[in-house]
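J.:
Chains as they are written, first to last, in this note's numbering: chain A, 1 to 304; chain B, 1 to 304.
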């Protein structure tokens with residue numbers, strides 16, 4: 001076990017990043033079933049949805065309702081944190097209303113992606129997101145700020161590291177120290193991963209780092225391993241490898257949660273997450289969509 | 001670029017490990033087309049087939065004919081080495097007859113796998129393979145010896161490292177210093193990869209190391225990256241991710257050649273291999289079999 005990473009935190013984002021690009025409507029009741037099953041698997045953080053305009057991303061229109069329903073009945077196990085993504089002030093207000101514990105906010109390092117995603121250039125988007133993040137922190141929420149397209153962009157291609165680091169410095173200057181780098185288009189390679197996370201740690205060794213990789217070119221778990229070796233502690237992934245970003249040109253699935261949990265289990269890094277229920281859920285998701293999902297382990301089962 | 005790995009050698013094994021498990025007969029003329037296209041891509045070594053009993057592995061029955069046909073006409077570019085797999089003395093005789101430049105021989109570290117594959121326990125199989133390898137070396141061939149199921153076995157599960165190292169020591173004692181570890185069942189994780197290759201380098205820092213990973217659990221390229229970082233220089237892979245081993249219970253495809261070449265190209269480790277013709281070939285292979293192949297890059301094309 002790498003002493004730089006004493007613990008690995010799994011952040012399941014399938015219900016948000018996994019579903020937002022699906023054209024098929026997913027009934028709220030079905031999402032609740034999946035969420036309740038996820039609550040039992042032992043993953044640490046579950047992203048319930050995003051508070052965005054329902055006209056822009058119809059799949060996320062029921063995020064408020066999902067939070068309310070989950071809070072009823074037996075509620076949420078104390079060891080699990082529910083998160084949500086927010087893009088603007090209105091979304092933040094809805095998240096506060098729903099009692100969201102971990103608020104996720106992000107800025108794209110690609111001008112084209114930023115304009116398509118938010119209608120704002122990067123500098124303006126950064127200021128706005130930093131302001132919301134500070135407000136959320138003051139209100140007692142945990143906050144994770146991310147840089148999207150941090151390793152390349154489906155529209156622009158290479159994204160210079162300096163563009164990424166400019167956003168990172170804005171975050172650090174504002175006292176925001178839980179930071180995620182997202183490989184929205186799947187362009188990252190393991191050497192880049194080590195370099196970019198290493199450069200952030202050089203700026204501030206106390207920062208808590210998260211990563212979010214897509215497997216478009218087959219490099220998802222290679223990048224997870226590189227991030228783990230470099231001291232990243234939170235790993236965002238999606239059950240069955242669901243997902244992608246509707247605003248990028250080429251977007252493969254997210255890293256599959258069960259594939260990643262399988263890797264960390266086999267490496268004796270994290271063995272308490274219940275893999276078989278995760279695999280069953282991935283099979284259920286594949287059955288619901290009626291197609292083969294990107295995940296590998298759900299097809300053959302775990303190595304016993 | 002990692003100074004431990006000044007150069008990466010690509011060994012394409014799709015025509016052998018990729019096809020041997022296919023039930024559909026592949027016409028010799030089709031294989032020749034694929035081989036001729038591979039010769040133009042810039043991959044360094046191409047495995048043409050294996051000299052095994054045609055009754056046991058009918059897909060490999062035309063290996064002699066393939067070598068003879070390739071030698072005719074314009075022949076083989078000087079920068080390309082053709083390899084073949086051999087399991088016994090008879091196969092070696094056929095390989096010698098065909099003028100094979102690089103002979104690949106292997107022993108499984110799993111007793112069950114060894115018995116199923118060769119009808120011999122590991123110790124006996126090792127003695128026999130070492131004897132053939134020495135004979136081949138004396139006759140002027142280059143020889144690569146491998147350990148199959150070096151990271152786990154589809155039948156037995158975990159394979160103790162000591163079993164692997166016992167075979168490695170037999171190889172080194174016989175002066176055989178081009179050594180491959182094969183993850184036949186796809187059980188390897190990056191930490192294991194670093195450990196096992198590192199232990200071999202500790203025994204003999206001058207050994208030339210090769211690796212052969214399957215992507216059964218999504219870890220193919222993660223293991224390639226770990227092997228590269230640890231000083232492995234030869235990487236076996238299969239166009240479109242074709243393949244698997246017919247003698248193991250669960251066998252996913254090989255690491256896809258074009259996915260791996262894409263990774264090394266993006267990392268500026270190796271940029272002279274022609275990726276687009278490799279992608280075109282992978283698409284042709286997928287078209288021939290009429291199904292989606294395990295490779296990722298051929299689906300979306302390379303990042304330009």
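Backbone N, C-alpha and C fix where the C-beta goes; we use that ideal spot for every residue, glycine too.
Nearest to residue 237 (chain A) by alpha carbon, out of A:34, A:45 and A:32?
T.: As a first step, residue 237 (chain A) is located in the first chain; it is residue number 237 there, counting from the start. Closest by alpha carbon: A:45.
J.: Rounded to a whole number of angstroms, what is the C-alpha to C-alpha distance between residue 277 (chain B) and residue 298 (chain B)?
T.: Locating residue 277 (chain B) in the second chain gives position 277, where the first residue counts as 1. Locating residue 298 (chain B) in the second chain gives position 298, where the first residue counts as 1. Residue 277 (chain B) and residue 298 (chain B): Cα-Cα distance of roughly 10 Å.
J.: Please go through the segment 11 to 87 of chain A and give each complete beta strand (DSSP E) segment of 3 or more residues, from N-terminal end onward.
T.: 45 to 51 and 81 to 86
J.: Identify the residues that DSSP records as bridge partners of residue 202 (chain A): which are they?
T.: The count along the first chain starts at 1 and reaches residue 202 (chain A) at position 202. In DSSP, residue 202 (chain A) forms no bridge with anything.
J.: Please list, in chain order, the chain A residues whose beta carbon lies closer than 7 Å to that of residue 149 (chain B).
T.: Within the second chain, the letter at position 149 stands for residue 149 (chain B). In chain order: nothing, as chain A lies at least about 13 Å away.
J.: Below 7 Å on C-beta distance, what does residue 221 (chain A) contact in chain B?
T.: Locating residue 221 (chain A) in the first chain gives position 221, where the first residue counts as 1. Here the neighbours are 218, 219 and 222.
J.: Using 8 Å as the limit for Cβ to Cβ distance, is residue 259 (chain A) near chain B?
T.: In the first chain, the residue the question calls residue 259 (chain A) occupies position 259. With 8 Å as the cut-off, residue 259 (chain A) counts as an interface residue toward chain B.
J.: Give every residue of the same chain whose Cβ lies closer than 6 Å to the Cβ of residue 151 (chain B), excluding the five residues on either side of it in the sequence, and list them in chain order.
T.: Within the second chain, the letter at position 151 stands for residue 151 (chain B). 183, 187, 188 and 192, listed in sequence order.
J.: Of all the residues that make up the segment 171 to 194 of chain B, which are near chain A by a beta-carbon distance shorter than 7 Å?
T.: 187, 189, 190 and 191
J.: Return no unless some Cβ of chain E is closer than 8 Å to the Cβ of residue 164 (chain A).
T.: No chain E is part of this structure, whose protein chains are labelled A and B.
J.: What residues from chain A crowd round residue 226 (chain B), counting only those whose CB sits closer than 8 Å?
T.: If you number the second chain from 1, residue 226 (chain B) lands on position 226. At a C-beta separation below 8 Å, residue 226 (chain B) has these neighbours in chain A: 225.
J.: Which residue from B:217, B:233 and B:190 puts its Cα closest to that of residue 227 (chain A)?
T.: As a position in the first chain, residue 227 (chain A) is number 227, starting the count at 1. It is B:190.
J.: Looking at the structure shown, is residue 272 (chain B) part of a helix, part of a strand, or coil, going by DSSP?
T.: Taking the second chain and counting its residues from 1, one reaches residue 272 (chain B) at position 272. Reduced to three states, the DSSP call for residue 272 (chain B) is coil.
J.: Counting only Cβ pairs nearer than 7 Å, list the residues of chain B close to residue 266 (chain A).
T.: Here residue 266 (chain A) refers to the residue found at position 266 of the first chain. Result: 189.
J.: Around the C-beta of residue 304 (chain B), are 16 or more other C-beta atoms found within 10 angstroms, so that it is buried, or is it exposed?
T.: Translated into positions along the second chain, residue 304 (chain B) becomes position 304. With fewer than 16 other Cβ atoms within 10 Å, it is exposed.
J.: Going by beta-carbon coordinates alone, are residue 148 (chain A) and residue 107 (chain A) separated by less than 8 Å?
T.: What you label residue 148 (chain A) is simply residue 148 of the first chain in a count that begins at 1. What you label residue 107 (chain A) is simply residue 107 of the first chain in a count that begins at 1. It is a contact, given that the beta carbons lie within the stated cut-off.
J.: What do you reckon, are the CB atoms on residue 66 (chain A) and residue 81 (chain A) nearer than 8 Å?
T.: Taking the first residue of the first chain as position 1, residue 66 (chain A) is located at position 66. Taking the first residue of the first chain as position 1, residue 81 (chain A) is located at position 81. Going by C-beta atoms, residue 66 (chain A) is not nearer than 8 Å to residue 81 (chain A).
J.: For a contact defined as C-beta to C-beta under 8 Å, what are the partners of residue 256 (chain A) on chain B?
T.: Position 256 of the first chain, counted from the start, is the residue given in the question as residue 256 (chain A). Here the neighbours are 218.
J.: Counting only beta-carbon separations shorter than 8 Å, does residue 263 (chain B) have a partner in chain A?
T.: Within the second chain, the letter at position 263 stands for residue 263 (chain B). Taking Cβ atoms only, chain A reaches closer than 8 Å to residue 263 (chain B), which makes this a yes.
J.: Can we say the segment 150 to 164 of chain A touches the segment 84 to 98 of chain A, given the rule of at least three CB pairs closer than 8 Å?
T.: no
J.: Quick one, are the C-beta atoms of residue 51 (chain A) and residue 16 (chain A) less than 8 Å apart?
T.: In the first chain, counting from the first residue as 1, residue 51 (chain A) sits at position 51. In the first chain, counting from the first residue as 1, residue 16 (chain A) sits at position 16. Going by C-beta atoms, residue 51 (chain A) is not nearer than 8 Å to residue 16 (chain A).
J.: Exposed or buried, which one is residue 23 (chain A) when buried takes at least 16 other CB atoms within 10 Å?
T.: Position 23 of the first chain holds residue 23 (chain A). Around the beta carbon of residue 23 (chain A), fewer than 16 other beta carbons sit within 10 angstroms, so the residue counts as exposed.
J.: Please list, in chain order, all residues of the same chain as residue 301 (chain A) whose beta carbon is under 7 Å from its beta carbon, the five residues on each side excluded.
T.: What you label residue 301 (chain A) is simply residue 301 of the first chain in a count that begins at 1. If we look at residue 301 (chain A) and ignore the five residues flanking it on each side, its Cβ neighbours are 279.
J.: Under the rule that 16 or more other beta-carbon atoms within 10 Å means buried, what is residue 203 (chain A), buried or exposed?
T.: Translated into the one-based positions of the first chain, residue 203 (chain A) becomes position 203. By the 10 Å Cβ count, residue 203 (chain A) comes out exposed.
J.: Report all residues from its chain with a CB closer than 6 Å to the CB of residue 127 (chain A); omit the five preceding and five following residues, and keep chain order.
T.: The residue you call residue 127 (chain A) lines up with position 127 of the first chain. Result list for residue 127 (chain A): empty, nothing under 6 Å.
J.: Let me make sure I understand the geometry here. Which of B:68, B:34 and B:20 has the alpha-carbon closest to that of residue 54 (chain B)?
T.: Indexing the second chain from 1 puts residue 54 (chain B) at position 54. Closest option to residue 54 (chain B), Cα to Cα, is B:20.
J.: Considering only residues of the segment 179 to 223 of chain B, which uninterrupted alpha helix (DSSP H) runs meet the minimum length of 4 residues and lie entirely inside it, listed in chain order?
T.: 190 to 203
J.: For residue 133 (chain A) and residue 174 (chain A), which I take to be in contact (beta-carbon distance under 8 Å), what is that distance rounded to the nearest angstrom?
T.: Within the first chain, residue 133 (chain A) is the residue found at index 133, counting from 1. Within the first chain, residue 174 (chain A) is the residue found at index 174, counting from 1. Indeed they touch by this definition, with Cβ atoms about 7 Å apart.
J.: Just checking: is the beta-carbon of residue 21 (chain B) within a distance shorter than 8 Å of some beta-carbon in chain A?
T.: Looking up residue 21 (chain B) in the second chain gives position 21. It does not: the Cβ of residue 21 (chain B) has no partner Cβ on chain A nearer than 8 Å.
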